[in-house]
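Per our numbering, the very first residue in the sequence shown carries number 1; after that it's consecutive. Shown next, in structure tokens, is the structure this report addresses.
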Amino acid sequence: MINVTKTFLPPIEEYNAFVKRAFDKEWLTNRGELVQTLERELITFLGIENIIITNNGTVPIQMALRLLANQGEVITTPFSYVATTAAILWDRSTPVFVDIDSERLTIDENKIEAAITNNTKAILATHVFGNPCNVEIIKEIANNYKLSIIYDAAHCFGVKYKGESIFNYGDVSTCSFHATKLFHTGEGGAVFTNNKELNHKLFYSHNFGHDGPEKFHGLGINAKISELQAAMGLAVLPYMHEIIEARKVICDYYQENLNFQNLKSIKIREHTEWNYSYFPIIFENEKLMLKVKQMLNNNNIFPRRYFYPSLNRICYLEGENMPISESVASRILCLPLFVGLSKKNLKSICEIINREL
Numbered sequence: 001m002i003n004v005t006k007t008f009l010p011p012i013e014e015y016n017a018f019v020k021r022a023f024d025k026e027w028l029t030n031r032g033e034l035v036q037t038l039e040r041e042l043i044t045f046l047g048i049e050n051i052i053i054t055n056n057g058t059v060p061i062q063m064a065l066r067l068l069a070n071q072g073e074v075i076t077t078p079f080s081y082v083a084t085t086a087a088i089l090w091d092r093s094t095p096v097f098v099d100i101d102s103e104r105l106t107i108d109e110n111k112i113e114a115a116i117t118n119n120t121k122a123i124l125a126t127h128v129f130g131n132p133c134n135v136e137i138i139k140e141i142a143n144n145y146k147l148s149i150i151y152d153a154a155h156c157f158g159v160k161y162k163g164e165s166i167f168n169y170g171d172v173s174t175c176s177f178h179a180t181k182l183f184h185t186g187e188g189g190a191v192f193t194n195n196k197e198l199n200h201k202l203f204y205s206h207n208f209g210h211d212g213p214e215k216f217h218g219l220g221i222n223a224k225i226s227e228l229q230a231a232m233g234l235a236v237l238p239y240m241h242e243i244i245e246a247r248k249v250i251c252d253y254y255q256e257n258l259n260f261q262n263l264k265s266i267k268i269r270e271h272t273e274w275n276y277s278y279f280p281i282i283f284e285n286e287k288l289m290l291k292v293k294q295m296l297n298n299n300n301i302f303p304r305r306y307f308y309p310s311l312n313r314i315c316y317l318e319g320e321n322m323p324i325s326e327s328v329a330s331r332i333l334c335l336p337l338f339v340g341l342s343k344k345n346l347k348s349i350c351e352i353i354n355r356e357l
């Protein structure tokens, strides 16, 4: 069976060596030695100023919204994983959808300004499949209207835009370290900001409201990660260049061997150093997509419909029509992409798809 993704597992003896350090210290949680080491190593690897590792990729969005959205309106994309918009609702803020760019699949920056009202507090946009939003235009709009910018960068580990980490853009960026992601800690995530005051607020927010045993600063929750999860991250991190290169080979194979006369692939924004996190293909219509998906399934190959349905069509989010997002969501498939996917399997996947087009 070939699934859409497969978790990269480092040699178990390397993971166990880190776990032993935690056992020897008898310190399994509350920001132990391994968590702090991993944060330092990620700062160096990613070229960033600050990072707070968290227990998943959703809580950082919730913390950022609590600090920046003030339960107002938040302009966001309908083409993302449901966690993006669900976080807005959890904060008792109001999501306001703006349709997407049909080629890059990110929020259409040219439609944001028309959605701004007196109640708008923030823009929450997703760098879809690791493809950066138009960060310059979004920043200009946010500055003009005094709005905060939060980027859901769950797919973006290792992505650079104009030579620097995509995590350096926006007031806050977040990432997922879920087991399905390029870099992972089994389950986890992170939050990033270059604003020292905001970084302090995010830190105490993820730690019950305090940054020391007796120093309380404000409202917080428990978003800390354990030493066992940090051990996985420390074991995976040395393999990141190898992981990204292996995924590039697979993406290049798809690009060279699929029949793109009848398919579209995502257009990566100029000046982007991409991480090959996903390989989406967009069919001419939903009927053809479903036909191809079924044929792949019949051969024990299981791509995924990322992201379906368009978020404005989920029952508790019913909003205005978003024709581009709805159309893309109905016609898109993400193909299998993981370290160890053989050329034989890639050949079979491409042959099945091309035969049905």
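Backbone N, C-alpha and C define an ideal beta-carbon position, used for all residues, glycine too. None of these values were measured; they are calculated from a predicted model.
Where Ala122 is concerned, the enclosing beta strand (DSSP E) starts and stops at Thr120 to Thr126.
Three or more Cβ pairs closer than 8 Å define a contact, and the stretch 266 to 286 meets that threshold against the stretch 323 to 338. The beta-carbon separation of Val98 and Ile75, rounded to 6 Å, stays under the 8 Å limit for a contact. In this structure, the straight-line span from the alpha carbon of Ala87 to that of Pro309 is close to 17 Å. With a 10 Å radius around the Cβ and a threshold of 16 neighbouring Cβ atoms, Arg269 comes out buried.
Thr117 has its alpha-carbon roughly 49 Å from the corresponding atom of Met1. In this structure, Asn134 lies near Thr106, with their beta-carbon atoms less than 9 Å apart. In the DSSP annotation of this structure, the continuous segment of the beta strand (DSSP E) that includes Asp211 starts and ends at His210 to Gly212. The closest CA to that of Asn259, considering only Glu284, Leu147, Gly220 and Ala231, is found on Glu284. With 16 or more other CB atoms across the displayed protein chains lying within 10 angstroms of its CB, Glu326 is buried. Contact between the stretch 149 to 163 and the stretch 117 to 132 is present: 3 or more CB-CB pairs across the two stretches fall below 8 Å. Looking from the CA of Ala114, the closest CA among Leu89, Phe129 and Tyr145 belongs to Tyr145. Spanning the alpha carbons of Met240 and Gly220 requires a straight line of approximately 32 Å.
In the three-state reduction of the DSSP assignment, Cys156 falls in the coil class. Fewer than three beta-carbon pairs drawn from the stretch 188 to 197 and the stretch 293 to 312 are found closer than 8 Å, and the two stretches are therefore not classed as touching. Within the same chain, and ignoring the five residues on either side of His210 in sequence, the residues whose Cβ sits closer than 8 Å to its Cβ are Tyr204, Phe216, His217 and Gly220. For Glu242 and Glu256, the gap between their C-alpha atoms comes out near 21 Å.
Note on Glu26: under 16 other CB atoms within 10 angstroms of its CB, so exposed under the neighbour-count rule. If the five residues before and after Leu9 are omitted, its C-beta is found closer than 7 Å to no C-beta atom of its own chain. Assignment of Leu68 by DSSP, reduced to helix, strand and coil, places it in the helix class. Rounded to whole angstroms, the separation of the alpha carbons of Glu109 and Glu41 is 34 Å. The C-beta separation of Val19 from Ala231 comes to about 5 Å, placing the pair in contact by the 8 Å criterion. In the three-state reduction of the DSSP assignment, Pro132 falls in the coil class.
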